[in-house]
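For what it's worth, the working numbering labels the leading residue of the sequence shown as 149, then goes sequentially.
The beta-carbon is built from N, C-alpha and C at its ideal position, and this holds for glycine as well.
Being a predicted model, the structure only gives us computed values, none of them experimental.
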Amino acid sequence: MSLFFHGAGFTGSGECGSSRRLRWELTPAGVRVLVASTDIGQGQRTVHAQIVADALGIPYEQVEVAVADTSRVPDSGPTVASRTTMVVGGLLRQCAAEMRKTLGGLTPAAYLRARGPLIVTKQYEPPPGLVWDDEAYRGSAYGSYGWACDVIEVERDPVTEEIGPSG
């Protein structure tokens, strides 16, 4: 049996702190998400597009997630497991709320034609009560934790001392 807990949404170090930003903008087809998070096979581009589509109330196909090219995208911090979904995804949801209000019922394409470009930029702010001391490397590095217990039943052969799964 093993017990463990794991922090999710790392924001402790100065590297992941409040200076990280993301941006998204209107396109003729919908919206373009501009974040520095690199998709390294964990599905980050899909998750970010789903968050934006859901929050804006537009089809998933109308959301483009730009390639993380630093000449085009703002620094949104490192690609660190759950942080990419929780922290960056949370910022995307905030951008969507602001953009949806600004669109005033227009589709992204209709707004772009009628009023021109619209770019929304948000900056990460730690949740109230989370304090991190980067010099001492102590404090609340994670906003959330998951706990789990792994249990396995094994059999031991008393003659050969081989161990294997039971059953």
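Status (buried if at least 16 other CB within 10 Å, exposed otherwise) for residue i
i           : result
residue 237 : buried
Three-state secondary structure (DSSP) of residue i
i           : result
residue 263 : helix
residue 311 : strand
residue 285 : coil
residue 151 : strand
residue 231 : helix
residue 213 : strand
Given residue i as reference, the closest of the options once Cα atoms are compared
i           : options            : result
residue 266 : 174, 296, 205      : 174
residue 251 : 307, 204, 185      : 204
residue 135 : 197, 222, 312, 249 : Missing from the structure shown is residue 135; the chain here goes from 149 to 315 and no further.
residue 153 : 302, 220, 298      : 298
Inter-residue CB distance, residue i and residue j (contact presumed, cutoff 8 Å)
i           : j           : result
residue 159 : residue 185 : Rounded, the Cβ-Cβ distance is 14 Å, inconsistent with contact.
residue 200 : residue 215 : Not really, about 16 Å apart at Cβ, beyond 8 Å.
residue 292 : residue 156 : 5 Å
Spatial distance of residue i from residue j (CA atoms)
i           : j           : result
residue 242 : residue 294 : 24 Å
residue 231 : residue 192 : 10 Å
residue 300 : residue 312 : 10 Å
residue 235 : residue 272 : 8 Å
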